[in-house]
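**Student:**
Protein chains: 2
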Amino acid sequence: MRTIWWEDGKVILINQKKLPSQLTYIECTHYKRVAKAIKTLEIRGAPAIGIAAAMGLALAAYHTESTTKDHFLKELTRAAKIITSTRPTAQNLFWAANRVLHKANMSTAPVETAKQEVIHEAQRMAEEDIHINKTMGTYGATLLDDGDTIGTICNAGWLATAGEYGTALGVIKVAHEQGKNISTIALETRPVLQGARLTAFELQHDGIDVKIITDGAIGYYCYEGLINKFICGADRIIVSSGCHVINKVGTHTVSITANHYNIPFYVAAPLSTFDPESRLEDAIIEMRNPREITEINGKQIVPENVLALNPAFDITPPHLIDAIVTEKGIIYPPFKQNYKKLFTKKSL
Amino acid sequence: MRTIWWEDGKVILINQKKLPSQLTYIECTHYKRVAKAIKTLEIRGAPAIGIAAAMGLALAAYHTESTTKDHFLKELTRAAKIITSTRPTAQNLFWAANRVLHKANMSTAPVETAKQEVIHEAQRMAEEDIHINKTMGTYGATLLDDGDTIGTICNAGWLATAGEYGTALGVIKVAHEQGKNISTIALETRPVLQGARLTAFELQHDGIDVKIITDGAIGYYCYEGLINKFICGADRIIVSSGCHVINKVGTHTVSITANHYNIPFYVAAPLSTFDPESRLEDAIIEMRNPREITEINGKQIVPENVLALNPAFDITPPHLIDAIVTEKGIIYPPFKQNYKKLFTKKSL
Numbered sequence: 011m012r013t014i015w016w017e018d019g020k021v022i023l024i025n026q027k028k029l030p031s032q033l034t035y036i037e038c039t040h041y042k043r044v045a046k047a048i049k050t051l052e053i054r055g056a057p058a059i060g061i062a063a064a065m066g067l068a069l070a071a072y073h074t075e076s077t078t079k080d081h082f083l084k085e086l087t088r089a090a091k092i093i094t095s096t097r098p099t100a101q102n103l104f105w106a107a108n109r110v111l112h113k114a115n116m117s118t119a120p121v122e123t124a125k126q127e128v129i130h131e132a133q134r135m136a137e138e139d140i141h142i143n144k145t146m147g148t149y150g151a152t153l154l155d156d157g158d159t160i161g162t163i164c165n166a167g168w169l170a171t172a173g174e175y176g177t178a179l180g181v182i183k184v185a186h187e188q189g190k191n192i193s194t195i196a197l198e199t200r201p202v203l204q205g206a207r208l209t210a211f212e213l214q215h216d217g218i219d220v221k222i223i224t225d226g227a228i229g230y231y232c233y234e235g236l237i238n239k240f241i242c243g244a245d246r247i248i249v250s251s252g253c254h255v256i257n258k259v260g261t262h263t264v265s266i267t268a269n270h271y272n273i274p275f276y277v278a279a280p281l282s283t284f285d286p287e288s289r290l291e292d293a294i295i296e297m298r299n300p301r302e303i304t305e306i307n308g309k310q311i312v313p314e315n316v317l318a319l320n321p322a323f324d325i326t327p328p329h330l331i332d333a334i335v336t337e338k339g340i341i342y343p344p345f346k347q348n349y350k351k352l353f354t355k356k357s358l
Numbered sequence: 011m012r013t014i015w016w017e018d019g020k021v022i023l024i025n026q027k028k029l030p031s032q033l034t035y036i037e038c039t040h041y042k043r044v045a046k047a048i049k050t051l052e053i054r055g056a057p058a059i060g061i062a063a064a065m066g067l068a069l070a071a072y073h074t075e076s077t078t079k080d081h082f083l084k085e086l087t088r089a090a091k092i093i094t095s096t097r098p099t100a101q102n103l104f105w106a107a108n109r110v111l112h113k114a115n116m117s118t119a120p121v122e123t124a125k126q127e128v129i130h131e132a133q134r135m136a137e138e139d140i141h142i143n144k145t146m147g148t149y150g151a152t153l154l155d156d157g158d159t160i161g162t163i164c165n166a167g168w169l170a171t172a173g174e175y176g177t178a179l180g181v182i183k184v185a186h187e188q189g190k191n192i193s194t195i196a197l198e199t200r201p202v203l204q205g206a207r208l209t210a211f212e213l214q215h216d217g218i219d220v221k222i223i224t225d226g227a228i229g230y231y232c233y234e235g236l237i238n239k240f241i242c243g244a245d246r247i248i249v250s251s252g253c254h255v256i257n258k259v260g261t262h263t264v265s266i267t268a269n270h271y272n273i274p275f276y277v278a279a280p281l282s283t284f285d286p287e288s289r290l291e292d293a294i295i296e297m298r299n300p301r302e303i304t305e306i307n308g309k310q311i312v313p314e315n316v317l318a319l320n321p322a323f324d325i326t327p328p329h330l331i332d333a334i335v336t337e338k339g340i341i342y343p344p345f346k347q348n349y350k351k352l353f354t355k356k357s358l
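The listed protein sequences correspond, in order, to chains B and G.
Be aware that the first sequence starts at 11, since it is given in my numbering, and climbs by one per residue.
Be aware that the second sequence starts at 11, since it is given in my numbering, and climbs by one per residue.
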């Protein structure tokens, strides 16, 4: 299944806020609608919102009335700014917008052709994303054994990408397709419950055994010896510091728990999630609306005037990570050096 | 404020399921109604359900039509069985029921007097509980410093006891009353959200700064250095194994996280929570209805036919605990030996 695609001058995406009870689609005819979908989590997951950014720019290009190249580029740049301002943490969002802008900037074609090039680039990126995730899944599946019970947090499945495989769940899916008997335990992932809603939906759909636990219960299940590996996705990996992994809040707590019990903790992320430039201290952790915590289904849970703190992400240091799965192979510690070797060995 | 009390042949208790939006009371005229209140979490918290058990037996005594002592004792024993079958984990429930039964068994008085003795014993236990918690708070407050930010999970405040102070929150409350500037971070505590609903309600009521975070966010706040001590309550402490602490699910995850960041992790529990007899392997972790996880406000969150696992408690080993606060003083490691010294030094 696809999460987002281009169709006759429109961007169609699954409304993830309605899952799992309803499988509905949003038709975007303006890039600002795509930006809104990213901001409000109608589409989420680092690779998926990267593709959404590219598709949003394709919409901007599709509707452009610019007649000069210069004006077209300014228009695209403005659209990219609006789209990337929606969520500050995911690297893929910026990576994708930059790739499309770069394509347009590098084009020597007239506006009408450059516009088509942008639209094609966005579609190519979606196809590439699916291919990348399948390759990543194939590498990652070598880490999983028949009989494993795998813990995961948030949703790093096909809904978090352009479709079909996903990142962390892609690894599980490929292992399952290889005939390995894999069970999963999905953390519900408060406050937005992506684990309970989306990961459960995907794994059930793929016929993979899944059970839901609360985020706090992870310690209990490790204590009981009922989980033997963890794998999760990433929103941004800061290379300069040795590969700190920024991912859905709760991931770091899982990584500490895994480490305490000597359970392997893996991350699966495409190279587009790696941030080779930022310093760790400059990484922005998105603080979302406290109402995601204080209200459930529109009902106030927390007493009035009590504040909730709602960071959407946390930071897992490299020493708590056993391996990072990418589409170019598995990176082991020391991650920074081995990430760089990936680029010298195999040209991208 | 009181959580539960005896009034003219009735047991009145705050309906904690309605908090924080409504402060309502349940009037119980039959011990089975008290048992139901315990089972459905209308009253929860280890000391509070201990007192509820005693009050339930007082109701059974109040309404007895037994004319012989033997029949009266059988009736009480049957009621105790029904009351203690509601929740298998909390030690206080069994401790309290046994204390009342013992009182009745030891009584040499005729039925009518023995019945009054049972009712008085239950009321005495509620008063003692409040006194114990205040004393515990006074001991525990020595562990807290001006300017501390204290993390806590679930609700270990006055709502979890007969009233007034509470266990872990009693320690915070006494420190606050002593003029120490204490801030708190309360984990929302899925699935029943006792932290978001009850702990927030209590701390706000007491004028103590409180902020709510999701359970998974604990790693992030420790990583950021924003919490410098943890304190929580306990449902049962298994002495024989060195004092494993059974408490609300999520506690063990917090203890691992605290340990990873060298943040002190304290437990506050009256001696009635210590289980000097059971072996660790015999400890029962109550599995509650998965619907507490799969449904929120009556709305299905998880896809149909996906199972959730809902242990209500977890087990924290003694090596992750820095101190246990009791009404007889603070116990430091080795806990088992020092717990026993408490009894030789000071008679109970």
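Note that the Cβ used here is the ideal one computed from N, Cα and C, for glycine as well.
Are there 16 or more other CB atoms within 10 angstroms of the CB of histidine 81 of chain B, so buried, or fewer, so exposed?
**Tutor:** exposed
**Student:** Verify whether the separation of the beta carbon atoms of aspartate 332 of chain B and proline 274 of chain B is less than 7 Å.
**Tutor:** yes
**Student:** Would a check of beta-carbon distances place lysine 221 of chain B closer than 7 Å to chain G?
**Tutor:** So yes, lysine 221 of chain B belongs to the interface.
**Student:** Could you tell me whether any Cβ in chain B is nearer than 7 Å to the Cβ of glutamine 101 of chain G?
**Tutor:** no
**Student:** For a test of the three-state rule: what should DSSP assign to leucine 236 of chain B, helix, strand or coil?
**Tutor:** coil
**Student:** Using C-beta distances below 8 Å, list every residue in its chain close to tyrosine 233 of chain G, excluding the 5 sequence neighbours before and after it, in chain order.
**Tutor:** Excluding five sequence positions before and after tyrosine 233 of chain G, the CB atoms of its chain that fall closer than 8 Å to its own CB belong to Tyr271, given in chain order.
**Student:** Using a C-beta cutoff of 7 Å, does valine 312 of chain G count as contacting chain B?
**Tutor:** yes
**Student:** With arginine 43 of chain B as the anchor, note down where its alpha helix (DSSP H) starts and where it stops.
**Tutor:** 41-49
**Student:** Helix, strand or coil for serine 357 of chain B per DSSP?
**Tutor:** At serine 357 of chain B the pLDDT is 47, less than 50, meaning the model places this residue with poor confidence and gives no usable figure here.
**Student:** Using a Cβ-Cβ cutoff of less than 6 Å, which residues in the same chain neighbour leucine 358 of chain G once the five nearest sequence positions on both sides are dropped?
**Tutor:** Its pLDDT being 45, under 50, leucine 358 of chain G is placed unreliably in this model, and the coordinates cannot settle the point.
**Student:** Since alanine 172 of chain G and isoleucine 61 of chain G are thought to touch, with beta carbons under 8 Å apart, how far apart are those beta carbons, to the nearest angstrom?
**Tutor:** 5 Å
**Student:** Which chain G residues sit within Cβ distance under 8 Å of lysine 309 of chain B?
**Tutor:** Asn307
**Student:** Where threonine 224 of chain B and glutamine 204 of chain B are concerned, what is the direct C-alpha to C-alpha distance, given to the nearest angstrom?
**Tutor:** 12 Å
**Student:** With DSSP collapsed to three states, give me the class of asparagine 143 of chain B.
**Tutor:** Note: asparagine 143 of chain B maps to helix in three-state DSSP.
**Student:** With H, G and I counted as helix, E and B as strand and the rest as coil, what does DSSP make of alanine 166 of chain G?
**Tutor:** coil
**Student:** From the DSSP output, which residues share a beta bridge with glutamine 310 of chain G?
**Tutor:** G:Glu305
**Student:** Do the CB positions of glutamate 138 of chain G and leucine 179 of chain G come within less than 7 Å of each other?
**Tutor:** no
**Student:** Do isoleucine 223 of chain B and the ligand MG come close, with the Cβ less than 6 Å from some heavy atom?
**Tutor:** As far as ligands go, the structure on display features none, and thus does not contain the ligand MG.
**Student:** Count the C-beta pairs between the segment 43-62 of chain G and the segment 282-292 of chain G that are closer than 8 Å, then say yes if the count reaches three, no if not.
**Tutor:** yes
**Student:** Going by CA-CA distance only, name the one from B:Thr123, B:Thr194, B:Gln101, B:Glu127 that's closest to lysine 113 of chain B.
**Tutor:** B:Glu127
**Student:** Tell me where the beta strand (DSSP E) around isoleucine 92 of chain B begins and ends.
**Tutor:** Looking at the DSSP string, isoleucine 92 of chain B is not in any beta strand (DSSP E); the run it does join, the alpha helix (DSSP H), is 79-94.
**Student:** Do we get a CB-CB distance below 7 Å when we pair histidine 262 of chain G with the residues of chain B?
**Tutor:** yes
**Student:** Is phenylalanine 345 of chain G near cysteine 242 of chain G, with beta carbons less than 7 Å apart?
**Tutor:** Not closer than 7 Å, so no.
**Student:** Express the C-alpha separation of isoleucine 256 of chain G and lysine 350 of chain G in angstroms, rounding to a whole number.
**Tutor:** 19 Å
**Student:** Please compile the residues from chain G whose C-beta is within a distance smaller than 9 Å of the C-beta of isoleucine 248 of chain B.
**Tutor:** Simply none; closest approach about 14 Å.
**Student:** List, in chain order, every chain B residue whose beta-carbon is nearer than 7 Å to that of threonine 267 of chain G.
**Tutor:** Thr263, Ile266
**Student:** Any C-beta of chain G sitting closer than 7 Å to the C-beta of tyrosine 230 of chain B?
**Tutor:** Yes, contact with chain G.
**Student:** With 16 other CB atoms within 10 Å as the buried threshold, where does alanine 119 of chain G fall?
**Tutor:** exposed
**Student:** Any idea what DSSP makes of threonine 194 of chain B, helix, strand or coil?
**Tutor:** In the structure shown, threonine 194 of chain B sits in a strand (DSSP, three-state: E or B).
**Student:** Less than 7 Å between the C-beta atoms of isoleucine 248 of chain B and glycine 161 of chain B, yes or no?
**Tutor:** Against a cut-off of 7 Å, the Cβ pair of glycine 161 of chain B and isoleucine 248 of chain B comes out as no contact.
**Student:** So with CB distances below 7 Å, who are the chain B contacts of threonine 13 of chain G?
**Tutor:** Going along chain B, no residue has its Cβ under 7 Å from threonine 13 of chain G, so there is no contact; the nearest lies around 17 Å.
**Student:** Please state whether DSSP places arginine 109 of chain G in a helix, a strand or coil.
**Tutor:** helix
**Student:** Does asparagine 115 of chain G come out as helix, strand or coil in the three-state DSSP assignment?
**Tutor:** helix
**Student:** Mind listing the chain G neighbours of histidine 270 of chain B? Cutoff is C-beta to C-beta under 8 Å, in chain order.
**Tutor:** Within 8 Å Cβ-Cβ: Ile266, Asn269, His270.
**Student:** Sort out for me which residues DSSP pairs leucine 317 of chain G with in a bridge.
**Tutor:** B:Lys221
**Student:** Quick check on the DSSP output: the beta strand (DSSP E) that includes leucine 290 of chain B runs from which residue to which?
**Tutor:** Bounds of any beta strand (DSSP E) do not take in leucine 290 of chain B, whose DSSP letter is neither H nor E.
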